[in-house]
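Engineer: Chains as they are written, first to last, in the working numbering: chain X, 7 to 214; chain L, 7 to 214.
There are 2 protein chains.
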Amino acid sequence: MDVFEAINTTRAMRRLKPDPVDDELIWKVLEAAIRAPSGGNLQPWSFMVIRDAETKRKIGEWYLEAWNATYGRIKDTVTADAQGTRMYSSADHLAQHLAEVPVFIIGVVRTGGAGTSSSGSYIFPAIQNLMLAARGLGLGTTLTTLHRAHEADVKELLGVPEGWETACLIPMGWPKGKFGMGARRPVEEVTHWEKWGETKSRDGKAGS
Amino acid sequence: MDVFEAINTTRAMRRLKPDPVDDELIWKVLEAAIRAPSGGNLQPWSFMVIRDAETKRKIGEWYLEAWNATYGRIKDTVTADAQGTRMYSSADHLAQHLAEVPVFIIGVVRTGGAGTSSSGSYIFPAIQNLMLAARGLGLGTTLTTLHRAHEADVKELLGVPEGWETACLIPMGWPKGKFGMGARRPVEEVTHWEKWGETKSRDGKAGS
């Protein structure tokens, strides 16, 4: 699959089949992950592969609790339009059925203390590689962080040592739906040329 | 280009030609960037494209100052082996010649306050997409964050408002060298199965 096609069609896949995923495919997405850059090439990352039913059940409970406490409370705001309603519905489905997803991959980053947005630079490029590689293999993923509301519990459950943070949880499995392009704001709106606020259209004309 | 080839050969390209890069190619890498996920699809990102010589000169000075204050001080440690020496040499070259790179792309993320490693989840997947797309077009990039030592100065220079952070600076241009696979620790060493410390080899045998 062409790299641009993979990039364009890697959208959040939150409805996944319970069918198992072979070790070999898991190794493939992890090998893609570790090709990512990290400052000083320190590679201060670890990846945890979770398929144990009881571990998934516990994490799934914490995830659902965090979902209800955050997005559950703003349902009316989020579902104000059709796109928001679709997203809410699929994210709610994931929260209700997380433990049924065959594989969780948890990205763990060594922070040594309080994480900053720079600690994110050490793990999320790897995670994006992983999700693109999964797309290339036909596997669905979505980037989630809600489990972090129970970070201490998750770390204890999995044995993650002090000085490391579980940055994200990637549910991975064979998708029920089709891959496709997610909705985004136009690139012209989020691109500033030379100075903040200096936008332009793709035909070269200065924007508002 | 196949997505796995792009992932495997997107290594840090720090020796770049001063030759210009067309707007159309810049739009292409930015369109790849915005396909990335962000929590709640909020897309709290902006991308600044810098080609102005004077702006690049100032940022280049701050970058070099930060380089000398950090990596410059640990040169003897970093260059203890051949791989470290190569990396140091190319990173030093970039620091000395940053302003000559034709394009800087600065990833900016809305944090609303102090960034955490979760704020990284809102911008670095987009940045990895951008770097892979650049690779697909033959353009070299590298993920840098050293300018953040002068975050307040950079924000003032570019007019970035409060509540936003410049997460990274991506120098982009036509590479002098060849793309290839960067050195990484084996994936088996950084993958934990079910519990922290439970590694295994790719043939399925439990690791140490």
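Yeah, the Cβ is synthetic: ideal placement off N, Cα and C, and Gly gets one too.
Source: prediction; values computed, not measured.
Less than 8 Å between CB atoms is the rule here; does X:I176 satisfy it with respect to chain L?
Structural biologist: Output row for X:I176: interface = no.
Engineer: Does the Cβ of L:P24 have 16 or more other Cβ atoms within 10 Å, making it buried, or fewer, making it exposed?
Structural biologist: With fewer than 16 other Cβ atoms within 10 Å, it is exposed.
Engineer: Spell out a yes or no on whether the segment 152-162 of chain L and the segment 15-24 of chain L are touching, meaning 3 or more CB-CB pairs, one atom from each, closer than 8 Å.
Structural biologist: No, they do not touch.
Engineer: Does any residue of chain X have a CB that is nearer than 8 Å to the CB of L:P131?
Structural biologist: Closer than 8 Å: yes.
Engineer: From which residue to which residue does the alpha helix (DSSP H) around L:V10 run?
Structural biologist: Contrary to the premise, residue 10 of chain L reads as Phe rather than Val in this sequence. Residues 9-15.
Engineer: L:G210 CB to nearest chain X CB: under 8 Å?
Structural biologist: Closer than 8 Å: yes.
Engineer: Between which two residues does the beta strand (DSSP E) holding L:L175 run?
Structural biologist: Looking at the DSSP string, the run of the beta strand (DSSP E) that includes L:L175 is 170-179.
Engineer: Short of 7 Å in beta carbon distance, which residues of its chain neighbour L:A97, apart from the five on each side in sequence? Order them along the chain.
Structural biologist: Once the five neighbours on either side are set aside, the close Cβ partners of L:A97 are R20, Y77.
Engineer: Just to check my reading of the structure: L:M178 and L:A140 have Cβ atoms closer than 8 Å, yes? What is that Cβ distance to the nearest angstrom?
Structural biologist: 6 Å between Cβ atoms; contact.
Engineer: Using a C-beta cutoff of 8 Å, does X:L149 count as contacting chain L?
Structural biologist: X:L149 counts as touching chain L.
Engineer: For the alpha helix (DSSP H) holding L:M137, just list the boundary residues, first then last.
Structural biologist: Residues 130-142.
Engineer: Relative to the alpha-carbon of L:G196, which residue among X:A18, X:G169, X:D29, X:F53 has its alpha-carbon at the smallest distance?
Structural biologist: A quick correction: the sequence has Val, not Gly, at residue 196 of chain L. Answer by Cα proximity: X:F53.
Engineer: Could you give the distance in angstroms between the alpha-carbon of X:K184 and the alpha-carbon of X:R41?
Structural biologist: When rounded, the distance between both Cα atoms is 27 Å.
Engineer: So which of L:T85, L:W51, L:A38, L:K62 has the shortest CA-CA distance to X:E11?
Structural biologist: Comparing Cα positions, the closest option is L:A38.
Engineer: When the distance is taken between beta carbons, is X:L70 closer than 8 Å to X:L143?
Structural biologist: Contact: no.
Engineer: Please state whether DSSP places L:T197 in a helix, a strand or coil.
Structural biologist: It is a strand residue.
Engineer: Between X:L105 and X:T91, what straight-line distance do the alpha-carbon atoms span, to the nearest angstrom?
Structural biologist: The sequence as given places Ala at residue 105 of chain X; Leu does not occur at that position. Computed Cα separation, rounded: 23 Å.
Engineer: Starting from L:W51, trace the beta strand (DSSP E) in both directions and tell me its first and last residue.
Structural biologist: Where L:W51 is concerned, the enclosing beta strand (DSSP E) stretches over 51-56.
Engineer: From L:K206, L:N135, L:H156, L:W199, pick the residue whose C-alpha is nearest to that of L:L35; which is it?
Structural biologist: Per the sequence shown, residue 35 of chain L should be read as Val rather than Leu. Ranking L:K206, L:N135, L:H156, L:W199 by Cα distance to L:V35 puts L:N135 first.
Engineer: Applying the 10 Å Cβ sphere with the 16-neighbour rule, what's the burial state of L:R17?
Structural biologist: By the 10 Å Cβ count, L:R17 comes out buried.
Engineer: Between X:T15, X:W33, X:N14, which lies nearest to L:G210 when the distance is taken from Cα to Cα?
Structural biologist: That would be X:W33, whose Cα lies nearest to the Cα of L:G210.
Engineer: Which residue's Cα is closest to the Cα of X:A189: X:S207, X:N14, X:K182, X:P50?
Structural biologist: Cα-wise, what sits closest to X:A189 is X:N14.
Engineer: Taking 8 Å as the threshold (beta carbon to beta carbon), is X:K62 in contact with chain L?
Structural biologist: Chain L, which has no Cβ nearer than 8 Å to the Cβ of X:K62, makes this no.
Engineer: X:F110: beta carbon under 7 Å from a heavy atom of the ligand HEM?
Structural biologist: You won't find the ligand HEM in this model; it holds no ligand whatsoever.
Engineer: Where X:E204 and X:A212 are concerned, what is the direct C-alpha to C-alpha distance, given to the nearest angstrom?
Structural biologist: About 7 Å.
Engineer: What residues of chain X sit near L:T91, judged by a beta carbon separation below 7 Å?
Structural biologist: None at all; the shortest Cβ gap to chain X is about 13 Å.
Engineer: Strictly below 7 Å CB to CB, what residues from chain L border X:G45?
Structural biologist: Within 7 Å Cβ-Cβ: T151.
Engineer: Quick one: does X:N74 have its CB under 8 Å from some CB of chain L?
Structural biologist: So no, X:N74 is outside the interface.
Engineer: With X:A173 and X:V114 assumed to form a contact (beta carbons below 8 Å), what rounded beta-carbon distance in angstroms separates them?
Structural biologist: Correct: roughly 7 Å between the Cβ atoms.
Engineer: Excluding the 5 residues flanking L:L163 on each side, which residues of the same chain have their C-beta closer than 8 Å to its C-beta?
Structural biologist: T61, K64, I65, listed in sequence order.
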